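Residue numbers (this note's numbering): 427 to 687.
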Amino acid sequence: GEARTLPGIYTLRVDGVFFEPDADLDAQLVVFGLVDGWAGTDNLRRDLLVPLLWGLPIALLVGAIGSIATTLLSILIAAAGAWFGGGVDAVIQRAIEANLILPVLAIGVLFNAYYGFNLWVILGLMVALNVLGSPTKSFRAAFLQVKNAEYIEAARVYGAGNGRIIRKYLIPRILPVVIPQIVTLIPNFFFLEATLAIFNISDPRYPTWGRVIYNGLRFGAAYGSRFWVLEPIALMLLTGLSFVLLGFALNRILNPRLHDV
């Protein structure tokens, strides 16, 4: 009772009606059920493995650029607040508190309305929204611990300016914390990009994992093609977990306080 294809020669006949003597007919045969891929196919029968593989370097690029830019800017802001104190530090702390309540999704919609769907604009927006966050607070606490150290007092007595003290004496003291921080921040940015992409706030020119999830929710998941959504989510979770574990390992190696833990 099972339907199957019998061996033999099959003929396909296409009849067309032409209204001009020099008209031409182009026909293409698509046999349904023979298009497949390791990761499945989308609604247009394209192999999903291609955007999943292309999404990995894009995710790493977005995460690396966003993490490095955010960390460097956070270090400069935290160093300025910890060193100058007073009104400068108060303004920075109030800005951090205000940043915690900013509606990220609404801001993303406004940026897309004015600047269009551009990956680099979205990346710049993500960096701007993450600069005044928890990394700035942790760097500020580290700077406050070494602000009154004897070698810094000696540098001040010898006439070192504020910029030189911050650049030569404050910032190098937190380098063991900076590298693990950069590594552990990388997943935050491609997760944030995917979150915005789910709401169609993404660049359609790049096959990011977030874009794959958006297309899956729009065209496939409601019709039973759950793999279309689950595969990029699984890749994001595995990649994020890898960077978090790597960051913890680097922190134990580079941070002298954790050597004996």
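Every residue, glycine too, gets a C-beta built ideally from N, C-alpha and C.
Treat the numbers as computed from the prediction; the structure is a model and nothing was measured.
Query: Can you grab the Cα-Cα spacing for the pair Leu680 / Phe674, in whole Å?; Result: 10 Å
Query: Taking C-beta to C-beta, are Ser651 and Tyr640 nearer than 8 Å?; Result: no
Query: Are there 16 or more other CB atoms within 10 angstroms of the CB of Phe510, so buried, or fewer, so exposed?; Result: exposed
Query: To the nearest angstrom, how far is it from the Cα of Gly513 to the Cα of Val488?; Result: 34 Å
Query: Which residues in the same chain have their Cβ closer than 8 Å to the Cβ of Ala647, if we skip the five residues on either side of it in sequence?; Result: Trp654 and Val655
Query: Taking the beta carbon of Asn469 as the centre, do at least 16 other beta carbons fall within 10 Å, making it buried, or is it exposed?; Result: exposed
Query: Once DSSP output is grouped into helix, strand and coil, what is the label at Asp468?; Result: coil
Query: Per DSSP, which one or two residues make a beta bridge with Asp473?; Result: Thr467
Query: Is the separation between the beta-carbon of Trp635 and that of Gly434 shorter than 8 Å?; Result: no
Query: Return the first residue and the last residue of the alpha helix (DSSP H) that Lys563 is part of.; Result: Ser560 to Val572
Query: Who are the Cβ neighbours of Ala453 in its own chain at under 6 Å, not counting the five residues just before and after it?; Result: Val440
Query: Return the residue from the list Val604, Gly550 and Thr610 that minimises the CA-CA distance to Leu502.; Result: Val604
Query: Cβ atoms of Ile612 and Ala490: under 8 Å apart, would you say?; Result: yes
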